[in-house]
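Order-wise, the sequence lines are chains X and Y.
Under the numbering used here, think of the first position of the first sequence as 1, with each following residue one higher.
Under the numbering used here, think of the first position of the second sequence as 1, with each following residue one higher.
To start, the structure under review is shown below, and the notes come after it.
2 protein chains.
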Amino acid sequence: MPRPFDPGCCQEPFLSLAGEYPEADVYPPDQFRVEWGPVFHRGRLDGSARVLVIGQDPAQHETIVRRILVGEAGRRVQGFLAKLGITRSHVLVNTFLYSVYGSVKARTRREPRLVAYRNRWLDALLVGTNVEAVLSLGTAADEAWQLWKATPAGQASSLVHATVTHPTQPESSSRGDKVKLAAATQKLLQNWNAGLQVLSPGLAHPDASLPLVLYGSTWAEGDRLPVPSIDFPAGLPEWMREQDGWAKRAGKDDLGKRRNITITVPKGVLP
Amino acid sequence: MPRPFDPGCCQEPFLSLAGEYPEADVYPPDQFRVEWGPVFHRGRLDGSARVLVIGQDPAQHETIVRRILVGEAGRRVQGFLAKLGITRSHVLVNTFLYSVYGSVKARTRREPRLVAYRNRWLDALLVGTNVEAVLSLGTAADEAWQLWKATPAGQASSLVHATVTHPTQPESSSRGDKVKLAAATQKLLQNWNAGLQVLSPGLAHPDASLPLVLYGSTWAEGDRLPVPSIDFPAGLPEWMREQDGWAKRAGKDDLGKRRNITITVPKGVLP
Chain X
1 MPRPFDPGCC
11 QEPFLSLAGE
21 YPEADVYPPD
31 QFRVEWGPVF
41 HRGRLDGSAR
51 VLVIGQDPAQ
61 HETIVRRILV
71 GEAGRRVQGF
81 LAKLGITRSH
91 VLVNTFLYSV
101 YGSVKARTRR
111 EPRLVAYRNR
121 WLDALLVGTN
131 VEAVLSLGTA
141 ADEAWQLWKA
151 TPAGQASSLV
161 HATVTHPTQP
171 ESSSRGDKVK
181 LAAATQKLLQ
191 NWNAGLQVLS
201 PGLAHPDASL
211 PLVLYGSTWA
221 EGDRLPVPSI
231 DFPAGLPEWM
241 REQDGWAKRA
251 GKDDLGKRRN
261 ITITVPKGVL
271 P
Chain Y
1 MPRPFDPGCC
11 QEPFLSLAGE
21 YPEADVYPPD
31 QFRVEWGPVF
41 HRGRLDGSAR
51 VLVIGQDPAQ
61 HETIVRRILV
71 GEAGRRVQGF
81 LAKLGITRSH
91 VLVNTFLYSV
101 YGSVKARTRR
111 EPRLVAYRNR
121 WLDALLVGTN
131 VEAVLSLGTA
141 ADEAWQLWKA
151 TPAGQASSLV
161 HATVTHPTQP
171 ESSSRGDKVK
181 LAAATQKLLQ
191 NWNAGLQVLS
201 PGLAHPDASL
211 PLVLYGSTWA
221 EGDRLPVPSI
231 DFPAGLPEWM
241 REQDGWAKRA
251 GKDDLGKRRN
261 ITITVPKGVL
271 P
């Protein structure tokens with residue numbers, strides 16, 4: 001059975017971009033896990049993307065897969081894109097190349113070299129391409145968009161754009177409280193409905209033309225969808241796309257957690 | 001500072017090969033760690049390779065990097081290639097796509113679909129290409145070569161070929177006995193000298209023309225060389241290329257060890 005995959009950064013300008021990334025002089029190691037290397041993107045780099053998604057930063061699953069938004073947040077984004085009729089013509093980049101450690105200082109967020117490198121990616125993906133709509137996930141991603149919009153290329157662009165609540169904000173804000181989680185989820189879905197209604201009219205060439213079906217007040221069947229095989233590098237096993245939790249930062253203390261990632265093949269995969 | 005990398009399987013026929021690999025029906029899970037996915041190659045797939053190396057199977061470091069021969073065995077191979085004047089014009093594939101678990105049955109080794117898929121890679125790398133010399137590492141890799149040589153394309157080929165002792169055979173055969181290790185290392189280096197003397201005259205277009213300097217009776221400075229940055233995927237951190245030991249199969253029992261790989265950033269990398 002053929003298994004389609006993403007060959008990654010193998011054409012210009014992405015070939016150069018993936019070899020010229022900012023390192024610890026731009027991303028301070030007290031704010032970013034630079035030791036694990038940058039993670040650049042997910043999705044189409046061949047010019048076929050119709051929607052660009054701007055996320056925040058990669059976590060441990062992304063560090064192993066070397067693609068962004070491959071966990072639960074990514075599956076929720078795939079559900080959102082599917083409602084727009086996008087099943088493969090998407091491309092995703094993050095605000096930050098490296099996983100955030102603790103929090104990011106305002107001065108770092110606006111570091112000119114950090115912003116300039118990200119804007120090179122946004123130029124490559126948005127100027128003279130097929131992209132028709134841009135979605136930012138959360139406030140940092142919104143700022144990334146605004147900083148690009150302030151450039152000459154951004155000012156000249158008339159792409160439709162929406163910022164929505166980050167896909168896993170309900171979990172991070174409710175900290176295990178089920179009542180708070182349900183309320184935050186309902187609020188997120190309302191917010192995402194507003195985003196859909198902004199982006200849908202601007203999307204002239206989706207992969208499939210569908211009537212727009214909004215979210216309800218809780219996650220429903222089909223609202224979370226697998227990250228497509230075509231978004232993963234060649235040869236990665238299926239279980240890496242199916243559920244989160246197979247990569248953990250395990251260690252005795254903060255330093256131990258920072259230095260380690262343990263990958264565990266889920267139960268049921270082995271004979 | 002630009003960091004060159006290997007974009008991987010992004011051109012035909014490798015694009016198709018990396019999406020059509022044999023799975024558990026061809027590689028029995030009692031003999032191979034199929035649960036971690038296949039690892040295909042290392043080095044040039046753009047037609048510039050002058051030497052093909054056939055290795056055996058990927059281990060845990062290779063599983064994370066998704067390139068073969070990236071650990072100690074790979075560094076010894078780089079030293080061997082450097083003696084032939086090859087610093088970048090190499091390509092490496094393995095006898096087996098998956099990591100061997102226990103031992104491989106003779107019937108599995110000769111499974112027609114396993115051999116046919118590998119021969120598709122060898123055809124792609126050897127027929128009508130720039131490759132001038134082929135090196136097999138160990139007996140399984142020698143058999144892989146012989147099975148290709150028995151095909152019509154192999155019979156028509158006049159490439160120079162040598163089989164040498166597997167690079168880490170001294171460690172695996174001596175099991176911690178230093179006297180045995182020294183003797184096995186000396187024997188390996190003699191064997192590798194014979195391989196160099198077979199391949200060197202057949203290599204008309206090395207990256208650098210150098211007088212052939214043979215190995216001594218122990219590993220010397222420069223006999224082990226780093227795997228080049230250009231052989232790694234984009235964005236992987238430097239420490240993954242420097243030393244072995246950052247990936248371990250840790251677990252309480254055999255199943256635990258099979259299910260887990262723990263990656264640890266080496267000391268001194270973090271601030």
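Each residue gets a CB set at the ideal place from its N, CA and C atoms; glycine is no exception.
Note that the coordinates shown come from a computational prediction; the quantities given were computed from them, not determined experimentally.
Residues within the segment 251-264 of chain X neighbouring chain Y, beta-carbon criterion of under 8 Å:
L255, R258, R259, N260, I261, T262, I263, T264
Coil, strand or helix - A106 (chain Y) by DSSP:
helix
Any beta-carbon of chain Y closer than 8 Å to the one on E55 (chain X)?
It is worth fixing the name first, because residue 55 (chain X) is Gly in this sequence and not Glu. No, because no Cβ of chain Y sits closer than 8 Å to the Cβ of G55 (chain X).
Beta carbon proximity, G276 (chain X) to chain Y, threshold 8 Å:
This structure does not reach residue 276 (chain X), given that chain X is present from 1 up to 271, and the question cannot be answered.
Go through its chain and collect everything with a Cβ distance to Q56 (chain X)'s Cβ below 8 Å, but skip five positions before and after it.
N94, T95, F96, V100, L137, G138, A140, A141, H166
State the Cα-Cα distance for the pair T151 (chain Y) and G245 (chain X), rounded to the nearest angstrom.
46 Å
Best match in X:H205, X:V179, X:R249, X:F40 for proximity to W121 (chain X) [C-alpha to C-alpha]
X:F40
Between the alpha carbons of R66 (chain Y) and P112 (chain X), how many angstroms are there, rounded?
34 Å
Is the shortest distance between the beta-carbon of V39 (chain Y) and the beta-carbons of chain X less than 8 Å?
yes
Would you kindly work out how many angstroms separate the C-alpha atoms of R118 (chain X) and L52 (chain X), rounded to a whole number?
13 Å
Between G8 (chain Y) and P7 (chain X), which are expected to be in contact by the criterion C-beta below 8 Å, what is the C-beta distance as a whole number of angstroms?
6 Å
Since H90 (chain Y) is in the beta strand (DSSP E), which residue starts that stretch and which ends it?
90-94
With a floor of 4 residues, list each alpha helix (DSSP H) that falls wholly inside the segment 171-254 of chain X, ordered by position along the chain.
178-199, 239-242
What residues of chain Y sit near R3 (chain X), judged by a beta carbon separation below 8 Å?
G19, E20, Y21
For a contact defined as C-beta to C-beta under 7 Å, what are the partners of R66 (chain X) on chain Y?
P233, G235
Among X:A73, X:N260, X:P266, X:G47, which has the Cα closest to the Cα of R259 (chain Y)?
X:P266
For I64 (chain X), the three-state DSSP class (helix, strand or coil)
helix
In the segment 95-126 of chain X, which residues sit with their C-beta less than 7 Å from some C-beta in chain Y, listed in chain order?
none
Cutoff 6 Å; reference N193 (chain Y); Cβ partners in own chain excluding five residues on either side
L214, Y215
At the 8 Å Cβ level, is W145 (chain X) part of the contact set with chain Y, yes or no?
no
Determine the contact status of I54 (chain X) and A144 (chain X), defining contact as a CB-CB distance below 8 Å.
yes
Give me whichever residues DSSP pairs with G43 (chain X) in a beta bridge.
X:V91
Would you say E35 (chain X) faces chain Y, with C-beta separation under 8 Å as the test?
yes
Can you tell me where the alpha helix (DSSP H) holding G74 (chain X) begins and where it ends?
72-83
T139 (chain X): first and last residue of the uninterrupted alpha helix (DSSP H) it sits in:
139-149
Report, in whole angstroms, the separation of the C-beta atoms of V273 (chain Y) and A153 (chain Y), which I expect to be a contact under 8 Å.
In the structure as shown, chain Y starts at 1 and stops at 271, and residue 273 (chain Y) therefore has no counterpart that could be examined.
State the start and end residues of the unbroken alpha helix (DSSP H) segment that holds L52 (chain X).
Careful: L52 (chain X) lies outside any alpha helix (DSSP H), inside the beta strand (DSSP E) at 51-55.
Neighbouring residues, chain Y, relative to V269 (chain X) (Cβ below 9 Å)
E35, R259
Inter-residue Cα distance where the pair is R109 (chain Y) and A59 (chain Y):
18 Å
Could you tell me whether any Cβ in chain Y is nearer than 8 Å to the Cβ of L188 (chain X)?
no
Going by alpha carbons, who is nearest to S229 (chain Y) out of Y:L17, Y:P13, Y:R75, Y:L199?
Y:R75
Would you mind stating whether G19 (chain Y) and R3 (chain X) have Cβ atoms separated by less than 8 Å?
yes
Using a Cβ-Cβ cut-off of 6 Å (strictly less than) and excluding sequence neighbours within five positions of K210 (chain X), which residues of its own chain qualify?
Looking at the sequence shown, residue 210 (chain X) is not Lys but Leu. Result list for L210 (chain X): G85, in chain order.
C-alpha gap between S217 (chain X) and G71 (chain Y), whole angstroms:
51 Å
What is the DSSP secondary structure of V100 (chain Y), reduced to helix, strand or coil?
strand
Check the Cβ-Cβ distances between L15 (chain Y) and every residue of chain X, and say whether any is below 8 Å.
yes
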